[in-house]
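For what it's worth, UniProt numbering labels the leading residue of the sequence shown as 1, then goes sequentially.
Think of the CB as a built atom: it goes at the ideal place given N, C-alpha and C, for glycine as much as any other residue.
What follows is a set of notes on a single structure, which appears directly below.
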Amino acid sequence: MLDTAPNPPLWLRNGHADTLFAKLLQPSPPAYRRELLPDSTGQAQVAYDFIDGQDGAPLVVLFHGLEGSSRSHYAAALMHETAKRGWHGVVVHFRSCGGVANRAPVFYHAGDSSEIGFVLHTLQRRYPTVYAAGVSLGGNALAKYLGEAGEAAPVRAAAAVSAPLDLAAAGTRFERGATRLLYTRYFLNTLLPKAQQFLAEHGDMPFQTASALKNCRTLGGFDDLFTAPLHGFADRHDYYRRASCKPYLPFVRRPLLLLNAVNDPFLPPEALPDAAEVSDSVTLLQPPHGGHVGFVGQTAGKLHIRWLPETLLAYFARFEGGQAV
1 MLDTAPNPPL WLRNGHADTL FAKLLQPSPP AYRRELLPDS TGQAQVAYDF IDGQDGAPLV
61 VLFHGLEGSS RSHYAAALMH ETAKRGWHGV VVHFRSCGGV ANRAPVFYHA GDSSEIGFVL
121 HTLQRRYPTV YAAGVSLGGN ALAKYLGEAG EAAPVRAAAA VSAPLDLAAA GTRFERGATR
181 LLYTRYFLNT LLPKAQQFLA EHGDMPFQTA SALKNCRTLG GFDDLFTAPL HGFADRHDYY
241 RRASCKPYLP FVRRPLLLLN AVNDPFLPPE ALPDAAEVSD SVTLLQPPHG GHVGFVGQTA
301 GKLHIRWLPE TLLAYFARFE GGQAV
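Okay, structure coming up:
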């Protein structure tokens, strides 16, 4: 297990406080260069927000979390640090995110590893060296893909941050207590309108949930009504079981940093894997503090969110000079 940890002040060593406060430290996003490129279905375009580095430099790909974007605090922070190194960077949006309408007959979800693979192979044709990072939902999908693809994954190394790697365990957190109260409405405020618009545009869907979605109050309910039936799962429990990346971790063959704070309010600590549950290619980093993609640090008394991007890029830099894949 990698031995490094953020150093938040005492009053931020609560998982909820760290998670929420990190957003207040969000830097302005860099000057992205946007390209609209096809998704894996060929029926929609998704936004790729690039920052251009030096010729021959590696590319850092970021897959965002649920309803995230290139403007999310962790995305902006990572891309700024990537630019400082002179590397290329890109935040790849999932369908319907980043202000681009979804025209495909599917949405996005935590187990959509086929989309991850399509994106990485697309980018590998442009850049000789690719590093990939995924945050939360994007981290789960990336880690699942790496387990499925094994040595065929077109990345030199990868990192999954605050991935809800056991979706059933994460689902229990969102059904009750402070996690449900603090975050459920935040996600549903954008998910529900998107889903209702999707159903209005795809009247031939083999399930009818538009009216029920109006009364949806939980993420589990949303997954039962929309995510699961739309993507071929029997229900949310089937979705959580089949989409979780944890069972795939023993089969990862590319270097993967798996970073989860023990006090992440989205995932109970007992769901975190130990070394016996992952392959030798996986490096576990489980600091006691950090919340869910918070990882607020302090330097000379000043709070910042540089610890996460600095940790990821330091991990990737270990593999520079190796053979590109």
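Exclusion of the five residues before and after Gln-45 leaves Leu-36, Leu-37, Pro-38, Asp-39, Val-100, Arg-103 as the residues of its chain whose Cβ lies within less than 8 angstroms of its Cβ. Residue pairing of Gly-56 in beta bridges, as defined by DSSP: absent, with no partner found. When rounded, the separation of the alpha-carbon atoms in Val-60 and Arg-236 is 32 angstroms. Scanning its chain for C-beta atoms nearer than 8 angstroms, with the 5 sequence neighbours on each side dropped, one finds around Leu-25 the residues His-73, Val-296, Leu-303, His-304, Ile-305, in chain order. In the DSSP assignment, Arg-34 falls within the unbroken beta strand (DSSP E) covering 33-38.
The Cβ-Cβ distance between Leu-249 and Gly-321 does not fall below 9 angstroms.
Cα atoms of Thr-299 and Asn-7: separation of roughly 9 angstroms, rounded to the nearest angstrom. Distance from the Cα of Ala-178 is smallest, within the candidate group Leu-62, Gly-150, Leu-267, Pro-58, for Leu-267. Under DSSP, Thr-19 takes part in no beta bridge, so it has no partner.
In this structure, DSSP gives Asp-49 an extended state, which the three-state scheme calls strand. Here the C-alpha atom of Arg-156 lies approximately 13 angstroms from the C-alpha atom of Leu-312.
CA-to-CA, the gap between Ala-159 and Lys-214 works out to about 36 angstroms. Under the DSSP assignment, Leu-303 falls outside any alpha helix (DSSP H), being part of the beta strand (DSSP E) whose first and last residues are 302-304. Restricting attention to beta strand (DSSP E) runs no shorter than 3 residues, the segment 246-286 encloses them at 256-259, 282-285, ordered along the chain.
Judged by DSSP secondary structure, Gln-43 falls outside any beta strand (DSSP E); it is assigned neither H nor E.
A direct Cα-to-Cα measurement between Phe-316 and Val-262 gives close to 23 angstroms. Counting only residues of its own chain and dropping the five nearest sequence neighbours on each side, Gly-138 has a CB closer than 7 angstroms to the CB of Phe-63, His-64, Gly-65. In the structure shown, His-88 falls within a strand segment according to DSSP collapsed to helix, strand and coil. Taking C-beta separations shorter than 7 angstroms and ignoring five residues to either side along the sequence, the partners of Leu-12 in its chain run Asp-18, Phe-21, Val-296, following chain order. Annotated three-state conformation of Ala-160 is strand, per DSSP. Cβ-Cβ distances below 6 angstroms link Tyr-127 to Leu-59 in the same chain, with the five nearest sequence neighbours on each side left out; the list follows chain order. Beta-bridge partners of Gly-297 (DSSP): His-304.
In the three-state DSSP reduction, Leu-62 falls in the strand class (E or B).
In the three-state reduction of the DSSP assignment, Tyr-131 falls in the strand class, which pools E and B. With a 10 Å radius around the Cβ and a threshold of 16 neighbouring Cβ atoms, Gly-301 comes out exposed. Contact fails between the segment 90-98 and the segment 166-185, because fewer than three Cβ pairs, one in each stretch, are under 8 angstroms apart. For Pro-193, the uninterrupted alpha helix (DSSP H) segment begins and ends at 177-201. Of the other Cβ atoms in all chains shown, fewer than 16 fall within 10 Å of the Cβ of Tyr-186; this residue is therefore exposed.
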